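Here the structure comes first, spelled out in structure tokens, and everything after it is commentary.
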Amino acid sequence: MVNMRLKGNVVIVTGAGGGIGSATVKLFLAEGAKVVAADWNEVVLEQLANNLQHQANLICMTVDVSKRESVQQLIRQTCEAFGKVDVLINNAGITNDAMLKNMTTEQFESVIQVNLTGVFNSTQEAATHMVGQGHGKIINTTSVSGVYGNVGQTNYAAAKAGVIGMTKTWAKELGRKNINVNAVAPGFIETPMVKKMPDHIITRMESTIPLGRLGQPEDIAKAYLFLASDDANYINGHVLHVDGAILM
Ligand SMILES: NC(=O)c1ccc[n+]([C@@H]2O[C@H](COP(=O)([O-])OP(=O)(O)OC[C@H]3O[C@@H](n4cnc5c(N)ncnc54)[C@H](O)[C@@H]3O)[C@@H](O)[C@H]2O)c1
342 MVNMRLKGNV
352 VIVTGAGGGI
362 GSATVKLFLA
372 EGAKVVAADW
382 NEVVLEQLAN
392 NLQHQANLIC
402 MTVDVSKRES
412 VQQLIRQTCE
422 AFGKVDVLIN
432 NAGITNDAML
442 KNMTTEQFES
452 VIQVNLTGVF
462 NSTQEAATHM
472 VGQGHGKIIN
482 TTSVSGVYGN
492 VGQTNYAAAK
502 AGVIGMTKTW
512 AKELGRKNIN
522 VNAVAPGFIE
532 TPMVKKMPDH
542 IITRMESTIP
552 LGRLGQPEDI
562 AKAYLFLASD
572 DANYINGHVL
582 HVDGAILM
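Numbering (the working numbering), first residue to last: 342 to 589.
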């Protein structure tokens, strides 16, 4: 019999309708998890649900992680439906690139609001619940941009670097409560977020990756799975780079 690594676990995936999110939902369902797929885009959630018909273990919910009340509702509805929250994957994210001289305050703040405050909102609400139940796993999504910086991404790099800081802080604050907090740092992954970049930039990027190709959404989903599983019970405060060694 196949060993299901998440059997009985309740997992919330934010940004679930996107490239990495939907690959994660599929993999986690196959590994026996009960999954709450959360996204602010109803259309992509509907597409996901249609692709995964007859899934008793899947619930799709609209949420805007940048809005506190919306996240509170997500946690409340998850508990009503499945009784607990074992794993939170803070995967929702946006880009809104511009060079420093051109970046507007609105552009800066929009990315901070989703990619940094959104992770804070979701984690604070979920962690309160996890402390009460005595266990949990929180997995944040940072980026190579947050580790090394990236041209045109002042806002994104600031938010993703902040996510690393929060990951390490929460690993220290929540470790004794039996809650592991880790992060995954994807390189360049073939999803709608990257596909909207100009072709020549993508080609140039590919040439700098030692593995010679962009990553696939499933590469990140598998890293999330490892950190969510019992195999990672003694891993805490770690940033797992999944990037083909694009930068070392
Ligand atoms: N694709 C890459 O190369 C790459 C690289 C590094 C990091 N990442 C990170 O991985 C994560 C997933 O990215 P992806 O490539 O799958 O992008 P994507 O654009 O395909 O998916 C992101 C999803 O997040 C959702 N979302 C955005 N704002 C939201 C909000 N406020 N509330 C709820 N949902 C929201 C979007 O609707 C979308 O479905 C993001 O955090 C991103 O920053 C991606």
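C-beta: ideal position from N, C-alpha, C; glycine also. Note that this is a predicted model, so its numbers are computed, not measured.
Buried versus exposed, by CB contacts within 10 Å (16 or more), Pro527
buried
Can you check the segment 358 to 394 for any beta strand (DSSP E) of at least 3 residues that lies completely inside it and give the ranges in chain order?
375 to 380
Does the separation of the CB atoms of Val452 and Asn521 fall below 8 angstroms?
no
Near Gly493, which residues of its chain fall below 7 angstroms by C-beta distance, leaving aside the five closest residues on each side in sequence?
Asp438, Ala439 and Met440
Taking 7 angstroms as the line, does the beta carbon of Val438 fall inside it for any heavy atom of ligand 1?
Note that residue 438 is Asp in the sequence shown here, rather than Val. No, the beta carbon of Asp438 sits no closer than 7 angstroms to any heavy atom of ligand 1.
Excluding the five sequence neighbours on either side, which residues of its own chain have a C-beta within less than 6 angstroms of the C-beta of Val535, listed in chain order?
Phe529
Inspect the beta-carbon positions of Val472 and Lys518 and report whether they are closer than 8 angstroms.
yes
Identify whether Leu566 lies in helix, strand or coil by the three-state DSSP scheme.
helix
Considering only DSSP beta bridges, list what Asn431 is partnered with.
Asn481
Whole angstroms is fine: what's the gap from Gln394's alpha carbon to Leu370's?
12 angstroms
Val385: beta carbon under 7 angstroms from a heavy atom of ligand 1?
yes
How about Asn432 and Gly356: do their beta carbons lie closer than 8 angstroms?
yes
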